[in-house]
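**Q** Got a structure for you, questions after.
Number of protein chains: 2
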Amino acid sequence: MVTRTELANAIRFLSMDAVEKAKSGHPGAPMGMADIAEVLWRDHLKHNPANPSWSNRDRFVLSNGHGSMLIYSLLHLTGYDLSIDDLKNFRQLHSKTPGHPEYGYAPGVETTTGPLGQGITNAVGMALAEKMLAAQFNRDGHTIVDHNTWVFLGDGCLMEGISHEACSLAGTWGLNKLIAFWDDNGISIDGHVEGWFTDNTPARFEAYGWQVIKNVNGHDPVEIATAIETAKKGDRPTLICCKTTIGFGSPNKQGTHDVHGAPLGAAEIAAARETLNWPHAPFEIPAEIYAAWSARDKGALAEIAWNKQFDAYRAAYPELAAEFERRMQGELPAAWAEARDAAIAKIVDAAQTVATRKASQIALEAFSPSLPEFVGGSADLTGSNLTNWSGSKWIDAAGNGNYISYGVREFGMAAIMNGMTLHGGLRPYGGTFLMFSEYARNALRMASLMKINPVFVFTHDSIGLGEDGPTHQPVEQVATLRMIPNHHTWRPCDTTEAAVAWAHAIEQKTTPSSLILSRQNLPFVQRDAQQVQDIARGGYVLRDAADAKAVLIATGSEIELALKAQEALAAEGIAVRVVSMPCTNVFDQQDKAWQQSVLPAGLPRLAIEAGVPDFWRKYVGLEGDVVGIAHFGESAPAGVLFKEFGFTVDNVVAKTKNIIQ
Amino acid sequence: MVTRTELANAIRFLSMDAVEKAKSGHPGAPMGMADIAEVLWRDHLKHNPANPSWSNRDRFVLSNGHGSMLIYSLLHLTGYDLSIDDLKNFRQLHSKTPGHPEYGYAPGVETTTGPLGQGITNAVGMALAEKMLAAQFNRDGHTIVDHNTWVFLGDGCLMEGISHEACSLAGTWGLNKLIAFWDDNGISIDGHVEGWFTDNTPARFEAYGWQVIKNVNGHDPVEIATAIETAKKGDRPTLICCKTTIGFGSPNKQGTHDVHGAPLGAAEIAAARETLNWPHAPFEIPAEIYAAWSARDKGALAEIAWNKQFDAYRAAYPELAAEFERRMQGELPAAWAEARDAAIAKIVDAAQTVATRKASQIALEAFSPSLPEFVGGSADLTGSNLTNWSGSKWIDAAGNGNYISYGVREFGMAAIMNGMTLHGGLRPYGGTFLMFSEYARNALRMASLMKINPVFVFTHDSIGLGEDGPTHQPVEQVATLRMIPNHHTWRPCDTTEAAVAWAHAIEQKTTPSSLILSRQNLPFVQRDAQQVQDIARGGYVLRDAADAKAVLIATGSEIELALKAQEALAAEGIAVRVVSMPCTNVFDQQDKAWQQSVLPAGLPRLAIEAGVPDFWRKYVGLEGDVVGIAHFGESAPAGVLFKEFGFTVDNVVAKTKNIIQ
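The listed protein sequences derive, respectively, from chains A and B. Read in order, the letters of the first sequence correspond to residues 1 to 661 in the working numbering. Read in order, the letters of the second sequence correspond to residues 662 to 1322 in the working numbering.
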């Protein structure tokens, strides 16, 4: 009969040995949390290793992602498709076991973690998604959505500001199926935390409305089990505070920061084998330990039981069941394409001159009725971002609704959106001012890295926001968002482009999108049917001219200026083409033929955008020019600022003549 | 005899009328906090309107910066050089009164606020600076550094994650002279906050180790005064929780979000005049109210008294007094230039091959003894960032020391550094991984916008960090940092460039710098004396070649590759020049002659950098090429990754040949 400690030691030695073999990594957290993991994963976690995408599985998030060998060990031991060779390839190119758990690499990794604080925040999003889907799909006698979200987190996550944003909301939302284990080991990279982390964390979480279970010995399976039982019964999210020893089992290094982020070394690992009485060679796990760890039988039974439940649900509610499956698979409704085309056609016909933030709201109004998976929201700027529509219902205590006021928490919002997306069944979008994309920036990157598809709505996109001044006036933000790999940054110029941008964002499966929208009104631009189609190519000829001598490239609010300059130049006998480039990322993905048809070789180019000019050199080259803003804005009415900073027909005409000569 | 309420009403009407005249702005907070401001500014704030740079003044930070008319009203009424015409020009171009308080525009504005949560964080930095300077300069019987830091903040600041980071540290550091007033009005932009802000804020701050004074009626001067007296006696930072009515005095809009961020309208302002019995015309303040508000006499006396104290201090400690004055004026030591040159010469002679993070530490070791104002730190990565040196002393409870472990709080660290810099007397630098510059990003921008000079140290700068994988591998970060206006982003290639970059950063008065440093070793590069000088130009010819057919431009870790490719090409009879471009921002400031001497027109160019390629088009144009990374990294040893992603001599040689043809 193997003991719980032996089972936990399997994690410890897989972690020590893999880090040693890779010559880098973080053994301390897996060794410290192994006992907690053993109790949770063997006795409580609902999962089926044979089907990591079972919709009703519990979600497990390792928010202290540097302890990746903990989750890899667990996935391997419980029977996921992650072999001992995969563990031996820890941190090697093309392995399933990168240094931090990466979504899409090893089965069973629910989210990419490593950037601290974002894992717990993703988990808040997952727990919220569970609650909302339960409200939408469960029926009396048919509880088809019912799972917990479990989180491991360390001191680092608790120090990060985003943990405040996320855990505050989790309390407000009463996410009782969210259960987090704090690895309270008193150590961070700089050493013992007393010098920089003196929060009374239990009191802090009680202030958020959490159930807090204090003083749990994280190496005592009985205490851990009792805490979990209490947590599951709570009507609020739970923080289980586990006192642990980092690097538990390393006789000379445990309890110090030496064990945090470096291999222990052969001698110390040998000593640990003595200490923990683990005579097995590296990567050798005795069969009885594998047998005791395997979750394959139990997991298969659990899923079979749920499948039966779901069959009964399908019989009683066939349409709901089909809708649930569609949404969990991330498929758009069958009628989507038709609804989209009809909506865009209507928007084109209406020919409204509005701010593009309003154009975005018009698109939401048109598309949302077809997309029950849509969950809108804003970081306390609903009336400014215009992220709501007539069907928006603020979520209530039971999880009903489709709209969320996230409060002034941009980073939290974005990482919660990522978590909801990862959970499946919902398509979140959320808004703030473009400037505060900076507060959320690493969550946008994480969405891009994970190849998921939330939609970020960023309004008040330039000096055009006017009097609020330089703290609120984006100058470099559009350009820098465009530089995130696998991210689509759209800056539409009118209602039509806004609708097409929204549709494109909705249709992405593996790419998040940011929609960059104006505060101020922008004139509607007439296009023929082909041009409306071409918007989705990211860049297209908006107004051509026979025998053009130059190309003016513009986006968003500067399209109006480009068109006026085109007229002024025409009046002087100078023909120029105007190209609208609402999404450079998508334009860059087009074939060369398209790109050259839009930007013919040899024609000089002038880019016009109320942002940092350097970005545009990739299109205009050294011979072209840019009307941009290479400095911060000022506080003044928008019209005054555009004039002050050279966004005038005269300036564009002069610069165009310059590049032609 | 004017009443306190009448004095507060002066703020209310200046705010209402200025917002009305500007047709935009935020009247709600100034109207709600006017009574608090009256008590604080008239009875407690130590300041001299005639000398806003008096070193021992109290610092006042309006963290809810959208309420800018509150501080403008206070500065005007108490006698700063801010006229009634300045108030009438609220939010107009070239006025002293932009929409949010901008550092450097109106005298008495201690920091730029608006991006929520950063004001309170700046204030934590100011209070820490006060404590550290007191420890360094005060002597028995000579308390020349002794002032409070006061903060107004709203619900938005408290929701933001950065408030957690900053206030946790303020508690740990025991900053008892930091006193914050929470404008607890229950309203944010989306409406009544109950749906998204349910924290028990007093309990939260008690968990941080603050003194919390609850349930203060923010419209009762006696309660406010009592709270302030209690706060001043505390041995910990204090949060005074003030129940207020947003837009107090607006009979039909107060207590609602309608009053938050829009003009009240003429009718409502007229009604407020009735309600508050304020018969005066817009921008007319009765003489007796001006008289009661003026702080000029009291302020002059306060400064005179301090000057006497300082004279006594100077008599007793002439060197300390001179040093204090130098540091508060932000001047470098007289011996700096000599020390710098000697240090750089020594580093050049040593010719060490080390990681540039180590090169940075070597530079710190060389420069820091000359710079007692230096305050180092790291967001829990000291041993990785190598931000410490042999003279580093961790700050203690009394504020002694010159090194800070900020914990895992990147954004908090950066905004605290901004606050310390704004206070004066200290030159903070702080480190984290380059990836987590993203968590701190808006604080870097705020430093740039405010024209202040902290130094940010970002290590582990590319795929060269290896196994930690894509979550930790910067790809787009260097390029995007370069796009922040008024920010110097340095990416040195060896010990010499690292030392020059540090020296350049130290010598900036109005520009912050980011130093981008490698995890891995980079070979020392030999240069002649002129080349060492030229590094400070941001870009220079590192290895020229007669009859060069192309220019290879590289930075940091890719310099080694460029030099090897140069050799390989030379072996094939193809001469190319190698340009090192450690700081594009500084290179762009050089005169055209220099730029053209480095990058001669007509020579094709290839840029080599382990980051997103598009940035480099501004130098290589459309005809040149870039060896870069347009996608995320992977987890693997660094050498494997560089090869996998094309950072090989063969690839550089092939691409060079391509652009030559």
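Just so you know, even glycine gets a beta-carbon here, dropped at the ideal spot from N, CA and C.
Looking at C-alpha atoms only, which residue of VAL586/A, ASP528/A and LEU522/A is the closest neighbour of GLN508/A?
**A** Stepping through the first sequence from its first residue, residue 508/A is reached at position 508. Residue VAL586/A is the option with its Cα nearest to GLN508/A.
**Q** To the nearest angstrom, report how far apart ALA106/A and LEU62/A are at their CA atoms.
**A** Position 106 of the first sequence, counted from the start, is the residue given in the question as residue 106/A. Position 62 of the first sequence, counted from the start, is the residue given in the question as residue 62/A. Distance between the alpha carbons of ALA106/A and LEU62/A: 13 Å.
**Q** Mapping the DSSP letters down to three states, classify TYR733/B as helix, strand or coil.
**A** Working through the second sequence from its first residue, we reach residue 733/B at position 72. Note: TYR733/B maps to helix in three-state DSSP.
**Q** Count the other CB atoms, across all protein chains shown, that sit within 10 Å of the CB of PRO49/A; report buried if there are 16 or more and exposed otherwise.
**A** Stepping through the first sequence from its first residue, residue 49/A is reached at position 49. Buried: at least 16 other Cβ atoms inside 10 Å.
**Q** Just to confirm the assignment, what range does the alpha helix (DSSP H) spanning LEU748/B have?
**A** The residue given as residue 748/B occupies position 87 in the second sequence. DSSP places LEU748/B inside the alpha helix (DSSP H), whose first and last residues are 745-749.
**Q** Whose C-beta lies closer than 8 Å to the C-beta of PRO1131/B among residues of the same chain, with five residues either side of it excluded?
**A** If you number the second sequence from 1, residue 1131/B lands on position 470. Same-chain partners within the cutoff: PHE1293, GLY1294, GLU1295 and SER1296.
**Q** Per DSSP, ILE901/B forms a beta bridge with which residues?
**A** For this step, residue 901/B is matched to residue 240 along the second sequence. Bridge partners of ILE901/B: PHE842/B and ILE874/B.
**Q** Step through the CB atoms of chain B and report whether any lies within less than 7 Å of the CB of GLN473/A.
**A** As a working note, residue 473/A is residue 473 in the first sequence. By this cut-off, GLN473/A is not an interface position.
**Q** If you drop the 5 nearest sequence neighbours on each side, which residues of the same chain put their C-beta closer than 8 Å to that of LEU75/A?
**A** Here residue 75/A is taken as the residue at index 75 of the first sequence, counted from 1. Around LEU75/A: PRO49, LEU82, ALA106, PRO107, GLY108 and VAL109.
**Q** Looking only at its chain, what residues have a beta carbon closer than 7 Å to the beta carbon of TYR1280/B, apart from the 5 residues adjacent to it on each side?
**A** Translated into the one-based positions of the second sequence, residue 1280/B becomes position 619. Contacts found: ILE1214, LEU1260, ARG1266 and ALA1268.
**Q** Report the CB separation of ASP845/B from CYS903/B in whole angstroms; it is logged as a contact under 8 Å.
**A** Here residue 845/B corresponds to residue number 184 of the second sequence, with the count starting at 1. Here residue 903/B corresponds to residue number 242 of the second sequence, with the count starting at 1. Rounded, the Cβ-Cβ distance is 6 Å, consistent with contact.
**Q** Given a threshold of 16 other Cβ atoms within 10 Å of its Cβ, counted over all protein chains shown, does MET677/B qualify as buried or as exposed?
**A** Position 16 of the second sequence, counted from the first residue, corresponds to residue 677/B. Buried, by the Cβ-count rule.
**Q** Excluding the 5 residues flanking GLY261/A on each side, which residues of the same chain have their C-beta closer than 6 Å to its C-beta?
**A** Numbered from 1 along the first sequence, position 261 holds the residue referred to as residue 261/A. HIS26.
**Q** Beta-carbon within less than 8 Å of LEU332/A's beta-carbon, same chain only, minus the 5 sequence neighbours each way: which residues are those?
**A** Here the question's residue 332/A lines up with position 332 in the first sequence. Excluding residues within five positions, the ones whose Cβ falls inside 8 Å are LEU371, ILE506 and GLU507.
**Q** Could you please give the first and the last residue of the uninterrupted beta strand (DSSP E) stretch that includes ARG800/B?
**A** On the second sequence, position 139 is the one that residue 800/B refers to. Neither: ARG800/B is in no beta strand (DSSP E) and is coded neither H nor E.
**Q** DSSP three-state label for LEU1203/B, please.
**A** Here residue 1203/B corresponds to residue number 542 of the second sequence, with the count starting at 1. Correct three-state label for LEU1203/B: strand.
**Q** Taking Cβ to Cβ, would you say LYS707/B is nearer than 7 Å to ALA788/B?
**A** Start at 1 with the first residue of the second sequence, and residue 707/B comes out as number 46. Start at 1 with the first residue of the second sequence, and residue 788/B comes out as number 127. No, they are not a contact pair.
**Q** When the Cβ atoms of the segment 688-696 of chain B are set against those of the segment 898-918 of chain B, are three or more pairs found closer than 8 Å?
**A** yes
**Q** Please decide whether LYS393/A counts as near chain B, where near means a Cβ-Cβ distance under 7 Å.
**A** Taking the first residue of the first sequence as position 1, residue 393/A is located at position 393. Not closer than 7 Å to any Cβ of chain B, the Cβ of LYS393/A fails to qualify, so no.
**Q** Scan the segment 1000-1038 of chain B and note each continuous alpha helix (DSSP H) run of 4 residues or more that stays entirely inside, going in chain order.
**A** 1017-1028
**Q** Could you tell me whether the Cβ atoms of HIS147/A and ASN215/A are closer together than 7 Å?
**A** Locating residue 147/A in the first sequence gives position 147, counting from the first residue. Locating residue 215/A in the first sequence gives position 215, counting from the first residue. Result no, Cβ atoms of HIS147/A and ASN215/A do not sit closer than 7 Å.
**Q** Please classify ARG673/B as buried or exposed, where buried requires at least 16 neighbouring CB atoms within 10 angstroms.
**A** Taking the first residue of the second sequence as position 1, residue 673/B is located at position 12. Per the 10 Å Cβ criterion, buried.
**Q** Is TRP761/B buried or exposed, if buried means 16 or more other CB atoms sit within 10 Å of its CB?
**A** By one-based count along the second sequence, residue 761/B stands at place 100. The sequence given here places His at residue 761/B; Trp does not occur at that position. Buried, because 16 or more other Cβ atoms sit within 10 Å of the Cβ of HIS761/B.
**Q** Are LEU1183/B and ARG1018/B closer than 7 Å when you measure CB to CB?
**A** For the purposes of this step, residue 1183/B is identified with residue 522 of the second sequence, where counting begins at 1. For the purposes of this step, residue 1018/B is identified with residue 357 of the second sequence, where counting begins at 1. No, Cβ-Cβ distance for LEU1183/B and ARG1018/B is not below 7 Å.
**Q** DSSP beta-bridge partners for ASP1286/B?
**A** Numbered from 1 along the second sequence, position 625 holds the residue referred to as residue 1286/B. Residue pairing by DSSP puts ASP1286/B in a beta bridge opposite LEU1267/B.
**Q** Give me the residue from ASN388/A, THR121/A, ALA337/A and VAL212/A with the minimum Cα distance to VAL500/A.
**A** The residue you call residue 500/A lines up with position 500 of the first sequence. Considering only alpha carbons, the answer is ALA337/A.
**Q** Could you list which residues in chain B have their beta carbon closer than 8 Å to that of MET420/A, in chain order?
**A** Here residue 420/A is taken as the residue at index 420 of the first sequence, counted from 1. Chain B residues near MET420/A: none, gap ~16 Å exceeds 8 Å.
**Q** Less than 6 Å between C-beta atoms, sequence neighbours within five positions excluded: which residues of the same chain meet that for ALA366/A?
**A** Your numbering for residue 366/A matches position 366 in the first sequence. Cβ neighbours of ALA366/A beyond the five flanking positions: ALA343.
**Q** In the DSSP output, which residue or residues are listed as bridge partners for GLY466/A?
**A** The residue you call residue 466/A lines up with position 466 of the first sequence. Beta-bridge annotation (DSSP): GLY466/A is not paired with any residue.
**Q** List, in chain order, every chain A residue whose beta-carbon is nearer than 9 Å to that of THR1317/B.
**A** The count along the second sequence starts at 1 and reaches residue 1317/B at position 656. Simply none; closest approach about 18 Å.
**Q** Using only the alpha-carbon positions, how far apart do GLN753/B and LYS643/A sit?
**A** As a position in the second sequence, residue 753/B is number 92, starting the count at 1. As a position in the first sequence, residue 643/A is number 643, starting the count at 1. Approximately 14 Å, taken between the alpha carbons.
**Q** I'd like to know if GLU365/A contacts chain B, where contact means its C-beta is closer than 7 Å to some C-beta of that chain.
**A** Here the question's residue 365/A lines up with position 365 in the first sequence. GLU365/A does not count as touching chain B.
**Q** Any idea what DSSP makes of ALA550/A, helix, strand or coil?
**A** Within the first sequence, the letter at position 550 stands for residue 550/A. In this structure, ALA550/A counts as strand in the three-state DSSP scheme.
**Q** Compare the C-beta of HIS1292/B with all C-beta atoms of chain A and state if any pair is closer than 7 Å.
**A** In the second sequence, counting from the first residue as 1, residue 1292/B sits at position 631. Closer than 7 Å to some Cβ of chain A, the Cβ of HIS1292/B qualifies, so yes.
**Q** Across the segment 155-169 of chain A and the segment 1065-1077 of chain B, are there enough close Cβ pairs to call them in contact, namely three or more that are closer than 8 Å?
**A** Result yes; three or more Cβ-Cβ pairs closer than 8 Å.
**Q** Return the CA-CA distance between GLN329/A and GLY425/A, expressed in angstroms with no decimal places.
**A** Your numbering for residue 329/A matches position 329 in the first sequence. Your numbering for residue 425/A matches position 425 in the first sequence. Roughly 7 Å between the two C-alpha positions.
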